[in-house]
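Asks:
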Amino acid sequence: MNATLRRLALILLLLPAGCIVPGAPDESDLNAVDDNAVVLVDRIKDKPTDLEAHADLLRLQIQRGDAEGARGTVEHAMFHNPGDFRAPLLAAQFYRWQLDLITAEKMLLKSRDLAPAAVEPRIALAALYSECALEEQELQQRRIVTELAEAAFRAEFELDYAYALSHAGRPAEAAQAARRVVDAAGAGKARARAWILLAQLALDAGDEAACLTAALEARKADMRERGPLRFLARLAGALQSPEPLLKSFDEALATQEDPEARFAALFGAWTACTKLAVAAGRDPDGQDAHAYWARLRDLDPGQVDALSRRYQVVSLLPTYTEETSAVKQMIEEQRVGLPAKVQSLDRLMLLWRAEDCLRLGAARPSIAALRALEKAEPALPGLRLMLATALFVARQDGPCRDLLASLLAEAKAEPDELMALQWQLDLRAGKAPELARALEARGEQTTQAALWTLAVARLHTYRRGEGKAGGGK
C-alpha cells in the first residue's frame with residue numbers, strides 16, 4: 019500500500035462519530051485503557067510517532083464513549099507529531115465528536131497548511147463542509163482535490179465533485195463532471211457510478227429516454243457490481259414505462275448467483291411487470307408478475323420493502339383477502355408500520371413513482387406525482403411530509419417553507435422530521451445566528467438532532483463573522 023493509501027486509510031478509519039464531553043489534557047489518560055487498547059497504548063509509548071496506532075486507539079475510544087482517553091490520545095499525537103499533517107486530522111475528528119465544529123475546522127485548516135499539496139486534509143474539509151451545509155466551501159475543496167490527486171485516484175475524486183455539484187443544485191455542471199469521469203481512461207468502478215449520476219440528472223430533468231440509456235450504460239460498465247442493478251430495480255418504480263429494464267433483470271437472474279443481486283433483479287422485474295399490467299388495465303398479479311413475486315418471496319420472505327409493496331397491491335384486489343391478511347401480519351410482526359394505502363392501482367403506481375424518484379434524487383418528477391396524488395388523496399398519510407422533502411431537495415425553498423408552516427400549525431408538537439427541514443432551510447437562507455439563538459433557548463429540552471444543528475449554526479455564524487474563517491484555499 020503506497021503512502022497516499024495509508025493516509026487515506028487513517029482518515030477513513032475515523033469516520034464513525036458521536037458526542038462526548040471535552041476534558042483537560044493529561045499524559046496519564048493513555049493509561050486509562052483495558053483489554054484491546056493495551057497493545058495499542060504499548061505501541062504508542064514505544065513509538066510516539068506511530069499515528070496509525072493513535073488512530074486505531076482513538077477509534078476504539080470513540081466506540082466506547084471514552085472521552086478522557088480519546089482526548090489524551092489526540093493531545094499525545096499532537097504533542098509528539100507537531101509537523102505531521104495527520105495529527106491535526108485526528109484532533110479534528112475528536113472535536114467533531116464533541117460537536118465543536120469551529121475547532122474541528124481550525125484543525126483541518128492547520129492540517130492543510132502543514133501539507134498544502136496533500137489531498138487528505140482537503141477531503142476531510144470537504145466532508146465537514148458537506149455535513150454542515152456549506153456547499154460553496156465543499157465545492158472549492160473538492161475541485162482542488164481533483165487538481166492535486168494522483169492520476170490513479172482522480173476519477174473517483176472527480177465523481178465526488180460531480181455529486182457535490184448535483185447536491186448543490188448545479189445539474190449542468192454536475193453532468194459535465196460526470197461525463198469527464200465516463201470518458202477518463204482507467205476510471206474503473208467510478209465509470210458506472212458516473213453513469214448512474216447522469217441517469218439521476220436525466221430523470222430529474224424529465225428525460226426518461228436519456229435516463230434509461232445512462233442507467234443501462236451503468237449496468238454494462240460493471241456487470242458484477244450490485245450498485246447499478248440496485249439502481250435499475252428502483253428505477254423500475256420511478257419510470258413511466260419500465261419495460262426496457264426487463265431484459266437487464268432477466269440477464270442478471272440468468273448469470274448471477276449473488277443473493278443480493280438476484281433480489282434486486284427480482285424486485286425490479288416484479289415492480290416493472292406490475293406497473294406495466296396496471297398501465298394496460300390487466301391483472302397486476304398476472305402470470306409474469308406473479309412468477310417474479312414467487313421467486314422474490316422465496317429468496318427473502320421477510321424483506322420489508324418487498325412485503326410493503328406487495329401489501330399495497332394485494333390489498334386493492336378483492337379476491338386476495340387471505341394473502342392481504344397474511345402479509346399484513348408479517349409486516350406488523352416486524353414493527354415497521356404498515357405502508358400508506360391508496361384507493362386505486364393507478365394511484366398506487368403514482369405513489370411508487372413519487373417515492374422512487376425521490377429516493378433516486380429526482381425531486382421534480384416526484385413533486386409532480388405528489389401534486390397529482392394530493393388532489394386525488396388529500397388525506398393520504400405522510401404525503402405532505404414527502405412533498406415537503408421533495409420541495410427541499412428541488413431547492414424550491416419558498417413553497418417548502420409554506421408547506422412546513424402549514425404542517426407545523428396542524429401538529430400538536432414539533433415533529434423532528436419537520437423541524438429538521440425547517441432548520442436546513444434556515445441555514446440555506448443565511449439565518450444561522452437566529453437559528454442558533456432559537457436552539458440555545460431550548461435548554462435541556464432538546465434532541466441530538468437539535469444539538470448537531472446548533473453546532474452547525476454556530477459554525478455558520480462564526481465563519482460569517484470571521485470573514486475569511488475558511489482560511490482561503
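Here the numbering used here is used: the first residue of the sequence shown is 19, the next is one more, and so on.
From the three backbone atoms N, C-alpha and C, an ideal C-beta is built for every residue, glycine too.
Beta-carbon separation of F249 and A239 under 8 Å?
Replies: Locating residue 249 in the sequence shown gives position 231, counting from the first residue. Locating residue 239 in the sequence shown gives position 221, counting from the first residue. Against a cut-off of 8 Å, the Cβ pair of A239 and F249 comes out as no contact.
Asks: Counting Cβ pairs closer than 8 Å, one from the region 170-181 and one from the region 148-155, do we hit at least three?
Replies: At 8 Å Cβ cutoff, the stretches do not touch.
Asks: Check whether the region 363-376 touches the region 387-400, taking contact to mean three or more Cβ pairs, one atom from each stretch, closer than 8 Å.
Replies: Contact holds: three or more Cβ-Cβ distances are below 8 Å.
Asks: How should K293 be labelled, buried or exposed, when 16 other C-beta atoms within 10 angstroms of its C-beta is the threshold for buried?
Replies: Sequence index remark: in the sequence shown, residue 293 carries index 275 (1-based). Looking at its Cβ environment, which holds 16 or more other Cβ atoms inside 10 Å, K293 is buried.
Asks: Can you list, in chain order, the residues of its chain with a C-beta nearer than 6 Å to that of R328? Leave out the 5 residues immediately preceding and following it.
Replies: In the sequence shown, the residue the question calls residue 328 occupies position 310. Excluding residues within five positions, the ones whose Cβ falls inside 6 Å are V345.
Asks: What are the start and end residues of the alpha helix (DSSP H) that includes K128?
Replies: One-based indexing of the sequence shown puts residue 128 at position 110. That run of the alpha helix (DSSP H) goes L119 to L132.
Asks: Which same chain residues, not among the five before or five after A251, have their C-beta less than 6 Å away from its C-beta?
Replies: Against the sequence shown, residue 251 aligns to sequence position 233. Contacts found: A282, F285 and G286.
Asks: Keeping to the same chain, check which residues put their C-beta closer than 8 Å to that of L177; ignore five residues upstream and five downstream.
Replies: In the sequence shown, residue 177 corresponds to position 159, counting from 1. Contacts found: A195, A196, V199, A208, R211, A212 and L215.
Asks: With a floor of 4 residues, list each alpha helix (DSSP H) that falls wholly inside the region 440-484, ordered by position along the chain.
Replies: The region 440-484 contains these whole alpha helix (DSSP H) runs: 450-458 and 466-484.
Asks: Tell me which residues share the same chain as R242 and place their Cβ nearer than 8 Å to its Cβ, disregarding the 5 neighbours each side in the sequence.
Replies: Against the sequence shown, residue 242 aligns to sequence position 224. Cβ neighbours of R242 beyond the five flanking positions: Q274.
Asks: Would you check if there are 3 or more beta carbon pairs closer than 8 Å linking the region 401-408 to the region 421-435?
Replies: Contact between the region 401-408 and the region 421-435 is present, because at least three Cβ pairs lie under 8 Å.
Asks: With a threshold of 8 Å, are at least 3 pairs of Cβ atoms found where one atom belongs to the region 351-363 and the other to the region 330-341?
Replies: Yes, since at least three Cβ pairs between the region 351-363 and the region 330-341 fall closer than 8 Å, the two stretches touch.
Asks: Which whole-angstrom value is the C-beta distance of V474 and L143, which I expect to be below 8 Å?
Replies: The residue labelled residue 474 in the question sits at position 456 within the sequence shown. The residue labelled residue 143 in the question sits at position 125 within the sequence shown. V474 to L143, Cβ: 15 Å. No contact.
Asks: What residue from A122, Q321 and M348 has the CA that sits closest to E278's CA?
Replies: Here residue 278 corresponds to residue number 260 of the sequence shown, with the count starting at 1. It is Q321 whose Cα lies nearest to the Cα of E278.
Asks: Leaving out five residues on either side along the sequence, give the residues of the same chain with a beta carbon under 6 Å from the beta carbon of D230.
Replies: Reading the sequence shown from its first residue, position 212 is the one you call residue 230. Here residue 230 turns out to be Leu, not Asp, going by the sequence shown. Excluding residues within five positions, the ones whose Cβ falls inside 6 Å are P262.
Asks: Once DSSP output is grouped into helix, strand and coil, what is the label at S362?
Replies: If you number the sequence shown from 1, residue 362 lands on position 344. It is coil, neither helix nor strand.
Asks: Go through its chain and collect everything with a Cβ distance to P451's Cβ below 7 Å, but skip five positions before and after it.
Replies: Looking up residue 451 in the sequence shown gives position 433. Counting only Cβ-Cβ distances below 7 Å, and skipping sequence neighbours, we find T479.
Asks: So, at 7 Å on beta carbons, what are the nonlocal neighbours of W288 in its own chain, with the 5 sequence-adjacent residues on each side left out?
Replies: Within the sequence shown, the letter at position 270 stands for residue 288. Excluding residues within five positions, the ones whose Cβ falls inside 7 Å are A307, Y310, W311 and L314.
Asks: With burial defined as no fewer than 16 other Cβ atoms inside 10 Å of the residue's Cβ, what is the status of T91: buried or exposed?
Replies: Position 73 of the sequence shown, counted from the first residue, corresponds to residue 91. Counting Cβ neighbours within 10 Å, T91 comes out buried, since at least 16 surround it.
Asks: Using the three-state DSSP reduction, which class does L398 fall into: helix, strand or coil?
Replies: Numbered from 1 along the sequence shown, position 380 holds the residue referred to as residue 398. The answer is coil: DSSP assigns L398 none of H, G, I, E or B.
Asks: Since L126 contacts L76 with CB under 8 Å, what's their CB separation in whole angstroms?
Replies: Position 108 of the sequence shown holds residue 126. Position 58 of the sequence shown holds residue 76. The Cβ separation is near 16 Å, so there is no contact.
Asks: When burial is assigned at 16 or more other CB atoms within 10 Å of the CB, is T465 buried or exposed?
Replies: For the purposes of this step, residue 465 is taken as residue 447 along the sequence shown, with counting starting at 1. So T465 ends up on the exposed side.
Asks: Does the Cβ-Cβ distance between L422 and Q440 come in under 8 Å?
Replies: Counting from one through the sequence shown, the residue named residue 422 turns up at place 404. Counting from one through the sequence shown, the residue named residue 440 turns up at place 422. Yes, they are a contact pair.
Asks: CA-CA distance, D68 and R130?
Replies: Reading the sequence shown from its first residue, position 50 is the one you call residue 68. Reading the sequence shown from its first residue, position 112 is the one you call residue 130. Distance between the alpha carbons of D68 and R130 is about 20 Å.
Asks: Give the DSSP-derived three-state secondary structure of N99 in the structure shown.
Replies: Within the sequence shown, numbered from 1, the residue matching residue 99 stands at position 81. Note: N99 maps to coil in three-state DSSP.
Asks: How big is the Cα-Cα spacing for A206 and I141?
Replies: Counted from its first residue, the sequence shown places residue 206 at position 188. Counted from its first residue, the sequence shown places residue 141 at position 123. Here residue 206 turns out to be Gly, not Ala, going by the sequence shown. Between G206 and I141, the C-alpha separation is close to 20 Å.
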